[in-house]
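Student: End of the sequence shown = 343 in my numbering, gap-free, step of one.
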Amino acid sequence: MKKTVFGLTMLAGVCAFALSASAQEDRFAKVEIKTTDLGGGVYMMVGAGGNLGLSTGDDGAFLIDDQFAPLSTKIKAAIAAHSDTPVRFLVNTHWHGDHAGGNENFGRDGAIIVAHNNVRKRLSTDQVMKAFDREVKAAPADAWPVITFADEINFYQNGQSIHIFHVKNAHTDGDAFIYFEDADVLHMGDVFFNNMYPFIDLGSGGSINGVIAAQERALALVTDDTKIIPGHGPLGNKADLAETLAMLKVARAAILKTIAEGKTVDEAVAADPLAALNEEWGKGFIKPERMVRSLYADLSAGG
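#1: Within its chain, find whatever has a CB closer than 8 Å to the CB of aspartate 77; leave out the 5 residues flanking it on each side and keep chain order.
#2: Using 8 Å as the cut-off, can you tell me whether the region 242-255 makes contact with the region 283-299, which would need three or more C-beta pairs spanning the two stretches below that distance?
#3: Let me check one thing: in DSSP terms, what residues is alanine 101 bridge-paired to?
#4: Looking only at its chain, what residues have a beta carbon closer than 6 Å to the beta carbon of lysine 43, apart from the 5 residues adjacent to it on each side?
#5: Consult DSSP for histidine 139 and reduce its assignment to one of helix, strand or coil.
#6: Between glutamate 329 and the rest of its own chain, which residues show a CB-CB distance below 7 Å, the 5 nearest in sequence each way excluded?
#7: Could one say the Cβ of aspartate 264 lies closer than 8 Å to chain E's Cβ atoms, at least one of them?
#8: Answer yes or no: do valine 159 and histidine 134 have a C-beta to C-beta separation smaller than 8 Å?
#9: Cα separation between asparagine 157 and phenylalanine 217?
#10: Let me confirm a value: valine 262 is counted as buried when at least 16 other C-beta atoms fall within 10 Å, else exposed. Which label applies?
#11: Does threonine 212 pass the burial test, meaning 16 or more other C-beta atoms within 10 Å, or should it be called exposed?
#12: Going by beta carbon distance, what residues of the same chain come within less than 6 Å of aspartate 191, once the five residues before and after it are set aside?
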């Protein structure tokens with residue numbers, strides 16, 4: 041049930057891209073922002089869309105992602121329950137609207153938006169979400185990151201050493217991990233879907249090989265005590281990440297086998313190469329057939 045609930049939340053978030061402003065307001069009216077204390081002034085926040093990270097203290101609120109624009113008021117209220125100051129820095133893990141849709145609202149309030157170079161490029165120009173056959177118009181200038189980086193950047197806020205680093209061509213081409221070294225909390229954005237098949241945005245430069253490489257990098261960084269905030273799903277730990285990584289490697293090998301056998305994508309779907317994984321992993325937003333088709337498209341193109 042837990043996997044299904046998070047999957048439906050993700051699905052509802054994706055569908056919200058296409059709704060009018062008034063319809064979005066109605067869609068998010070009943071959403072509650074729930075906050076979990078991870079220690080050291082660091083919190084995980086859950087609403088609708090991607091999971092948020094928050095650091096509080098004398099230096100001001102430091103926020104990771106901001107979900108959808110209609111939720112900004114609720115997110116600000118949830119932050120105010122733990123911080124006497126508004127958001128000073130806002131870091132985007134990538135460009136998707138369920139993670140960066142509130143940028144304009146926070147930017148207009150004075151938050152300094154930080155992200156990988158490619159996030160600014162994608163937010164500032166029209167995009168096409170090929171996976172959903174949907175055009176996404178460029179965001180207003182207030183929503184664009186004003187500090188960008190190519191590889192890594194460090195912040196020292198609220199008594200935390202915060203290391204932000206890019207992982208290449210994973211969920212998208214602009215993914216960033218945010219590691220609170222003192223609190224031992226890692227936010228992985230959508231490179232980590234906990235307890236479900238991931239959505240890999242091939243049209244935005246994502247790839248299964250990139251996701252696996254990024255998760256291997258994260259696994260080498262964390263300890264058994266590290267709290268891991270996934271892009272979607274419940275709070276995770278090293279064991280959860282290791283299990284997800286193992287699943288992805290099995291899934292990749294299974295799809296590569298169908299390609300090597302000369303199967304078309306439809307034949308691969310019919311063969312159900314992920315049958316051994318589907319019961320545990322296929323109940324979220326990405327269903328088994330979609331996972332097969334996505335990996336086949338990626339790996340058959342040399343991804």
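C-beta: ideal position from N, C-alpha, C; glycine also.
Tutor: Taking the coordinates as given:
#1: Tyr83
#2: yes
#3: Val127
#4: With a pLDDT of 41 at lysine 43, under the threshold of 50, the predicted position of this residue should be treated as unreliable, and no value is reported.
#5: helix
#6: Val309
#7: The question asks about chain E, but that chain is absent: this structure has only one protein chain.
#8: yes
#9: 14 Å
#10: buried
#11: buried
#12: His206
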